[in-house]
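Residue numbers for the sequence shown follow the numbering used here, so the first one is 38 and each next one is one higher.
No residue lacks a Cβ here, since even glycine has one placed at the ideal position from N, Cα and C.
Remember, predicted model here, so these are calculated numbers, not experimental data.
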Amino acid sequence: MADDGRTHDDGVVGPAHRLVQIELDEAGAPRRTAEAEHERAIAIYDILEDNVFALVDPSGAPLAGPFILYLRAEGRHIRFDIRDEVDTELAQFYMALGPLRRVMRDYFHVCDTYYDAIRTKSPSQIQAIDMGRRALHNEGADILRDRLDGKVSTDEMTSRRLFTLICVLQTR
Numbered sequence: 038m039a040d041d042g043r044t045h046d047d048g049v050v051g052p053a054h055r056l057v058q059i060e061l062d063e064a065g066a067p068r069r070t071a072e073a074e075h076e077r078a079i080a081i082y083d084i085l086e087d088n089v090f091a092l093v094d095p096s097g098a099p100l101a102g103p104f105i106l107y108l109r110a111e112g113r114h115i116r117f118d119i120r121d122e123v124d125t126e127l128a129q130f131y132m133a134l135g136p137l138r139r140v141m142r143d144y145f146h147v148c149d150t151y152y153d154a155i156r157t158k159s160p161s162q163i164q165a166i167d168m169g170r171r172a173l174h175n176e177g178a179d180i181l182r183d184r185l186d187g188k189v190s191t192d193e194m195t196s197r198r199l200f201t202l203i204c205v206l207q208t209r
């Protein structure tokens, strides 16, 4: 992301408010499908190429980065471990997955349908399924942004990609 001087709608500005590394702690996680691994790789690549991400102080003001993010599934929670670029811990918190469960379940189902459709359905049928998949993805990203409010500030695309990574961590 270039520092073009623009202020994003969430108040985060410039290259210091971004992720420069993402690590998924997948200790003990089962082997994933090729599709899930592909989604994971793409989401991480896309986030690192262009993202808006900042810790916020109690007043809601963004703290300077850049940041490293470690994500780990722990039961019914996701642990966010946010560090500076020399790997010093800045914040750690847990986010309950309850508010995302329904959307994630529906998203997994539509993704399975989408991958099956790619092999057997017409382009118009694939497009209809993909529209539903995108709508669920947007809904999940919106819920995620709401759940992170007061802790982390992101833009829409970054929250979409973080939602993908959280889904990957939940894939069994």
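Note that the segment 191-198 does not touch the segment 122-132; fewer than 3 beta-carbon pairs, one per stretch, sit closer than 8 Å. By the Cβ rule, the segment 132-152 counts as touching the segment 173-183, because three or more pairs are nearer than 8 Å. Distance check between residue 207 and each of 116, 165 and 167 places 116 closest, using alpha-carbon atoms only.
With contacts defined as CB atoms closer than 8 Å, residue 100 and residue 110 fail to qualify as a contacting pair. Straight through space, the alpha carbons of residue 70 and residue 82 are spaced by roughly 18 Å. Assignment of residue 57 by DSSP, reduced to helix, strand and coil, places it in the strand class. If you compare the alpha carbons of 102, 57, 64 and 134 with that of residue 203, the shortest gap goes to 134. Rounded to the nearest angstrom, the gap between the Cα atoms of residue 139 and residue 84 is 24 Å. Close CB contacts of residue 73 within its chain, under the 7 Å cut and outside five residues either way in sequence, are with 205 and 208 (chain order).
Here DSSP, grouped into helix, strand and coil, assigns residue 111 to strand.
For residue 105, the closest alpha carbon among the candidates 189, 200, 170 and 154 is that of 189. In the DSSP assignment, residue 63 falls outside any beta strand (DSSP E), carrying neither H nor E. Of 102, 79 and 107, the smallest CA-CA separation from residue 62 is found for 107. For a cut-off of 8 Å, the C-beta gap from residue 165 to residue 103 is around 40 Å, too long to register as a contact. In this structure, residue 171 keeps its C-beta atom at 8 Å or more from the C-beta atom of residue 151.
Taking each of 125, 126 and 76 in turn and checking the Cα distance to residue 149, the smallest one comes out for 76. Cα atoms of residue 163 and residue 157: separation of roughly 9 Å, rounded to the nearest angstrom.
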